[in-house]
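First comes the structure, then the notes that go with it.
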Amino acid sequence: MVEASGHPQVVRSPDELYATRPPWDIGKPQSAFRVLADSGVLRGRVLDVGCGTGEHVLMAAELSLDATGVDLASAALRTAEEKASDRGLAARFLRHDARKLGCLGESFDTVLDCGLFHIFGGADRAAYAESLGSVLGPGGRYFLLCFSDRERGDRWSHVHRVTQRDIAATFSGGWRVDSIEPATIEITTDPDGVRAWFAALTRS
-6 MVEASGHPQV
4 VRSPDELYAT
14 RPPWDIGKPQ
24 SAFRVLADSG
34 VLRGRVLDVG
44 CGTGEHVLMA
54 AELSLDATGV
64 DLASAALRTA
74 EEKASDRGLA
84 ARFLRHDARK
94 LGCLGESFDT
104 VLDCGLFHIF
114 GGADRAAYAE
124 SLGSVLGPGG
134 RYFLLCFSDR
144 ERGDRWSHVH
154 RVTQRDIAAT
164 FSGGWRVDSI
174 EPATIEITTD
184 PDGVRAWFAA
194 LTRS
């Protein structure tokens, strides 16, 4: 998670978010991404943007894929590295801004995004989409799990409620939107989770 302009409300700094265990840190991959892994869709070099404590990076590493995670929360990255060591998995974790992925000077085949897209609005969202395009070549896949406009109430006032149209508009140039399906973001504080969209896109 990172601070972003265009927000409904000011976001705390990345490390403040992990001063205590945040509700989205469920200690395992989100079910939507677990299904991807089990179906064999993940391939090549995998990048998890806004990786937090690394569960999706480690999921890819368990499949013997080249797995990298980026985040701005140093505390979360330290936890991710400890998990990798404890599980005997080879994975790389970098402190890096997801809006500037081109600065990595690398390319990836698959990008995972669990709960990052929905913090961006306006120019930050456009910069993020451009950043993703800079590291995904033609045929590269991007899988996105984000808050949905179907989620009501104000308990998550610091994130955007994303519509299907928002996703399609953000990735209208140089991308193919393969699917956008209703989904759930699992959290530790509510067994019903948070209403979400799960989108699959391909770089054209």
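With the first letter of the sequence shown counted as 1, position 2 gets the number -5 in this note's numbering; the numbers rise by one all the way through. Positions of the beta carbon are idealized from the N, C-alpha and C atoms, including for glycine. Remember, predicted model here, so these are calculated numbers, not experimental data.
field: Nearest to R27 (by Cα), restricted to the options E179, T195, S197 and L194
entry: Looking from the CA of R27, the closest CA among E179, T195, S197 and L194 belongs to E179.
- request: Determine contact between the stretch 94 to 105 and the stretch 123 to 143, defined as no fewer than three beta-carbon pairs at a distance below 8 Å.
  value: Flag = yes, the stretch 94 to 105 and the stretch 123 to 143 touch.
message: Looking only at its chain, what residues have a beta carbon closer than 7 Å to the beta carbon of A189, apart from the 5 residues adjacent to it on each side?
response: Residues of the same chain with a CB within less than 7 Å of the CB of A189, apart from the 5 flanking positions on each side, are L138, C139, F140, S141, A176, T177 and I178 in chain order.
field: Where L109 falls: helix, strand or coil (DSSP)
entry: Shown here, L109 sits in coil according to DSSP, grouped into three states, outside any helix or strand.
query: Among the residues of its own chain, which have a CB less than 6 Å from the CB of L87, if the five just before and after it don't count?
result: Hits under 6 Å: V63.
- prompt: What are the uninterrupted segments assigned as beta strand (DSSP E) that are 3 or more residues long and contained completely in the stretch 107 to 141, given in chain order?
  reply: Fully enclosed beta strand (DSSP E) runs of no fewer than 3 residues occupy 129 to 140 of the stretch 107 to 141, in order along the chain.
- request: Go ahead and label T61 buried or exposed: buried means 16 or more other beta carbons lie within 10 angstroms of its beta carbon, across all protein chains shown.
  value: In the assembly as shown, T61 is a buried residue. Its beta-carbon has 16 or more other beta-carbons within 10 Å.
- prompt: Quick one: Cα of M52 to Cα of I19, how far?
  reply: Taken atom to atom, the span from the alpha-carbon of M52 to that of I19 is near 14 Å.
query: So who's on the other strand from W213, going by DSSP bridges?
result: Because the chain is modelled from -6 through 197, residue 213 falls outside the range shown and cannot be assessed.
Burial state of P7, where buried means 16 or more other Cβ atoms lie within 10 Å: By the 10 Å Cβ count, P7 comes out buried.
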